[in-house]
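In order, the protein sequences belong to chains R and W. For the first sequence, this note's numbering gives the first residue as 1, with consecutive numbering after it. For the second sequence, this note's numbering gives the first residue as 1001, with consecutive numbering after it. We put the CB at the ideal spot given by N, CA and C, even for glycine. To keep things clear, I will list the structure first and then write my remarks on it.
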Amino acid sequence: MKDKDIEQLINKYLEGETSPAEEQKLALELQRPDIPEEWQAIRLMLGELTLGEAEYDKTLSNSPSRGRTHYKPLAIEGEATGVFRVATECGYGPTKGSESPFATLVGEKVFFFVRFISSMAAVLLVGLFLYQHTPNGNVNEVPHYYTSNFAAGSTLKNVYTSRQHQEKILSYTRFKTMLYENK
Amino acid sequence: MTRSEFEHIAERLRQKVLKVGLQFFGSQEDAEDAAQETIEQLWRYCEQIDASRNIEALAIRVAKNCCVSQYRKNRPTPSPSLYGGELESTPQEILEAKDTERMLEEALDLLKPRERQLFEMRQLEGLSVDEISSETGIPKLSITAMVSAARKKVFIELKRRMKQ
């Protein structure tokens, strides 16, 4: 922030028009060494509490992982999320307290590796599920009763009555099958 | 506020400040230490706190300060201030700090009671004009005017004393 901006903010402060956030910003700016005497008076008026609060917010915003455990959302729920959460809880996720850039880099690599593996596992599980639940036989084969009754020369009435008849046969067949199975 | 009045609300305050610590540190142990320190400081000064004031807002601000202090102490390489400085204050610095504190206190004594109340609500409790208005029932424009008058008086007095 330039001196001119600080001066404007001080004037706004003296007019009682600054918000608490602006006062925090001003308190941080006035921590510079060798500030004019007038600014020192404002620093004194803002007080330690405003400065402390400003530093608290600044520290929190500078380290996003500080203060809470982040679980990055995954598109696939279930097993993959479970694996990912376990990995995160075991310390393979984004590190909370590590300040060293090397540790952070290694942590991030492990984190992305675990995320990749868990995503692949989820895809495989979905594939396995679909494979298990695919009906046997040729899925492209359409049963005869679903085929169209349109033929050269047939009228709409013919088609309708023919389909009604086929439906009756089909219902009867199903009923018989059920009876047979329940025996 | 008397000590016994403070004791009644201490546990509720502790829960509030513990949340501030947890949000900052992410660890129960550090948050407990910061909460303990906050309650100790409030206990030390509770007799100077007006019982009708918003003590929760003050407690949260003090807790944030305690978190920052503890964070600085725990860091392997101390950087106590954003613009440098030493972690441990020298006797000279302690004396200067006491002197400026006294100077500010004397400047605040020049304010009318209402002005002082509003000044402290903004500076100590960190309340916004809206919050002060809803607490006191004073219109926002009047609050802004009174806070401005109070700040200007304190500012002029501080400047005068600094020049002496």
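### Query
The alpha helix (DSSP H) with residue 1069 (chain W) in it runs from where to where?
1055-1074
### Query
Taking the alpha-carbon positions, what's the residue 10 (chain R) to residue 107 (chain R) distance?
C-alpha separation (whole angstroms): 44 Å.
### Task
Using a Cβ cut-off of 7 Å, pull out every chain W residue sitting near residue 14 (chain R), in sequence order please.
1148, 1151, 1152 and 1155
### Query
At a Cβ threshold of 8 Å, is residue 20 (chain R) touching chain W?
yes
### Message
Spatial neighbours of residue 1143 (chain W) within its chain, please: C-beta separation below 7 Å, excluding the five flanking residues on both sides.
### Response
The beta carbon of residue 1143 (chain W) is closer than 7 Å to those of 1118, 1129, 1132 and 1133 in its chain, skipping five residues each way along the sequence.
### Query
Of all the residues that make up the region 37-50 of chain R, which are near chain W by a beta-carbon distance shorter than 8 Å?
37, 38, 40, 41, 42, 44, 45, 46, 47, 48, 49 and 50
### For residue 133 (chain R), the three-state DSSP class (helix, strand or coil)
coil
### Query
Within the 8 Å Cβ cut-off, does residue 60 (chain R) reach chain W?
yes
### Euclidean distance between Cα positions of residue 1150 (chain W) and residue 1031 (chain W)
36 Å
### Query
With respect to the alpha helix (DSSP H) encompassing residue 1128 (chain W), which residues constitute its N-terminal and C-terminal limits?
Counting along the chain, residue 1128 (chain W) falls outside any alpha helix (DSSP H), and DSSP gives it neither H nor E.
### Message
By the three-class DSSP mapping on this structure, what secondary structure does residue 107 (chain R) have?
### Response
helix
### Message
So, at 6 Å on beta carbons, what are the nonlocal neighbours of residue 1158 (chain W) in its own chain, with the 5 sequence-adjacent residues on each side left out?
### Response
1107
### Residue from W:1024, W:1154, W:1096 and W:1109 whose Cα sits closest to the Cα of residue 1072 (chain W)
W:1024
### Query
Once you ignore the five residues that flank residue 1111 (chain W) on each side, which residues in its own chain have a CB closer than 8 Å to its CB?
1119, 1150, 1153 and 1154
### Query
Are there 16 or more other CB atoms within 10 angstroms of the CB of residue 21 (chain R), so buried, or fewer, so exposed?
Answer is exposed; the Cβ neighbour count stays below 16.
### Query
Assuming residue 1059 (chain W) and residue 1013 (chain W) make a contact with CB atoms under 8 Å, what is their CB distance in whole Å?
5 Å
#### Entry: Extent of the continuous alpha helix (DSSP H) run through residue 16 (chain R)
Premise fails: residue 16 (chain R) is in no alpha helix (DSSP H) and is neither H nor E.
### Message
Let me make sure I understand the geometry here. Which of R:39, R:17 and R:15 has the alpha-carbon closest to that of residue 195 (chain R)?
### Response
Residue numbering for chain R in the displayed model covers 1 to 183; residue 195 (chain R) lies beyond these limits and cannot be assessed.
### Message
So residue 52 (chain R) contacts chain W; which residues on that side make the cut at Cβ distance below 9 Å?
### Response
1061, 1062, 1064, 1065, 1066, 1067, 1068 and 1069
### Query
With DSSP run on the structure shown, which of helix, strand or coil describes residue 127 (chain R)?
helix
### Message
Let's see if you can read the secondary structure: which residues bound the alpha helix (DSSP H) around residue 1100 (chain W)?
### Response
Its alpha helix (DSSP H) spans residues 1091-1108.
### Query
Is there contact here, the region 25-37 of chain R with the region 53-60 of chain R, by at least three beta-carbon pairs under 8 Å?
yes
### Query
Hey, quick one: how far does the alpha helix (DSSP H) through residue 45 (chain R) stretch, first residue to last?
37-62
### Task
Determine the burial state of residue 19 (chain R): buried for a count of at least 16 other Cβ atoms within 10 Å of its Cβ, exposed for fewer.
exposed
### Message
Would you say residue 1123 (chain W) lies against chain R (beta-carbon separation less than 8 Å)?
### Response
yes
### Task
Using a Cβ cut-off of 7 Å, pull out every chain W residue sitting near residue 17 (chain R), in sequence order please.
1144
### Query
residue 1062 (chain W) and residue 1038 (chain W): beta carbons closer than 8 Å?
yes
### Query
Since residue 1150 (chain W) is in the alpha helix (DSSP H), which residue starts that stretch and which ends it?
1140-1163
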